[in-house]
Amino acid sequence: MHRTRRILASAVLLGTMFALAACTGASAPSGGGTGGVKSGGNTITLQNIAFSPTSLTVKSGDSVTFKNADQVPHHIVVGTDDLGEQQPGESKTWKAPKDGNYIMKCLIHPSMQGQITVGAGGSTVGTAPTGGGPSGGY
Numbered sequence: 000m001h002r003t004r005r006i007l008a009s010a011v012l013l014g015t016m017f018a019l020a021a022c023t024g025a026s027a028p029s030g031g032g033t034g035g036v037k038s039g040g041n042t043i044t045l046q047n048i049a050f051s052p053t054s055l056t057v058k059s060g061d062s063v064t065f066k067n068a069d070q071v072p073h074h075i076v077v078g079t080d081d082l083g084e085q086q087p088g089e090s091k092t093w094k095a096p097k098d099g100n101y102i103m104k105c106l107i108h109p110s111m112q113g114q115i116t117v118g119a120g121g122s123t124v125g126t127a128p129t130g131g132g133p134s135g136g137y
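Letter by letter, the sequence shown follows residues 0 to 137 in numbering that gives the first Met the number 0.
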């Protein structure tokens, strides 16, 4: 009986891990790849007043889509690029410029922050929020 419960719990955990990996676009590394640099369909989900994933590495010229899966709006800034307010269910796209580290933050929710590394990284563009931004009461 206990063995059956452990097997069932392991199967549920494994299924949950695969589902989470699919939602975040994560995949198992393959040999001879690009050193963790993804290209193409990069998505960051805004959910539970957080970025998921909180960090992402892409190539210069790649697009990153921000999908608002929360029930509240967000106002996303990446580096110095203001993507504007984003309503629930809405998506916005940011195009990765030259190599560097780009701080991403929500002006409505100062605790929401993360980083996008373009190429090999380099100097950081943007600053982490210090609080005191617009308050939407969320």
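Beta carbons are placed, not taken as given, at the ideal position from N, Cα and C, and that holds for glycine. Just so it is clear, the structure is predicted and the values come from calculations on it, not from any experiment.
Beta-carbon within less than 7 Å of Phe-142's beta-carbon, same chain only, minus the 5 sequence neighbours each way: which residues are those?
A query on residue 142 cannot be resolved here, the shown segment of the chain reaching from 0 to 137 and no further.
Output the distance between the C-alpha atoms of Val-57 and Trp-93, rounded to the nearest integer angstrom.
As a first step, residue 57 is located in the sequence shown; it is residue number 58 there, counting from the start. As a first step, residue 93 is located in the sequence shown; it is residue number 94 there, counting from the start. Going from the Cα of Val-57 to the Cα of Trp-93 covers about 12 Å.
Option in Asn-67, Ala-95, Asp-80 with minimal Cα separation from Gln-86:
Within the sequence shown, residue 86 is the residue found at index 87, counting from 1. Comparing Cα-Cα distances from Gln-86 to each of Asn-67, Ala-95, Asp-80, the minimum goes to Asn-67.
If you check the beta carbons only, do Thr-64 and Asn-100 fall under 7 Å apart?
In the sequence shown, the residue the question calls residue 64 occupies position 65. In the sequence shown, the residue the question calls residue 100 occupies position 101. Result no, Cβ atoms of Thr-64 and Asn-100 do not sit closer than 7 Å.
Runs of beta strand (DSSP E) wholly within the region 43-77 (minimum 3 residues, chain order):
54-57, 62-67, 73-77
State the Cα-Cα distance for the pair Gly-35 and Glu-89, rounded to the nearest angstrom.
Here residue 35 corresponds to residue number 36 of the sequence shown, with the count starting at 1. Here residue 89 corresponds to residue number 90 of the sequence shown, with the count starting at 1. Low local confidence applies: a pLDDT of 38 at Gly-35 is under 50, so the model's placement there is unreliable, with the coordinate-based value given in what follows. The straight-line gap from Cα to Cα measures roughly 28 Å.
Where Thr-123 falls: helix, strand or coil (DSSP)
On the sequence shown, residue 123 is found 124 positions in, with the first residue counted as 1. Three-state result, Thr-123: strand.
If you count every other CB in all the chains shown that lies within 10 Å of the CB of Gly-78, and 16 or more means buried, which is it?
Within the sequence shown, numbered from 1, the residue matching residue 78 stands at position 79. Counting Cβ neighbours within 10 Å, Gly-78 comes out buried, since at least 16 surround it.
Rounded to the nearest angstrom, what separates Cys-105 and Ile-48 at their Cα positions?
Here residue 105 refers to the residue found at position 106 when the sequence shown is read from its first residue. Here residue 48 refers to the residue found at position 49 when the sequence shown is read from its first residue. Using only the alpha carbons, I get a separation of about 9 Å.
My guess is that Ile-115 and Leu-55 are in contact by the Cβ rule of under 8 Å, so how many angstroms apart are they, rounded?
For the purposes of this step, residue 115 is taken as the residue at position 116 of the sequence shown. For the purposes of this step, residue 55 is taken as the residue at position 56 of the sequence shown. About 5 Å separates the two Cβ atoms, so the contact holds.
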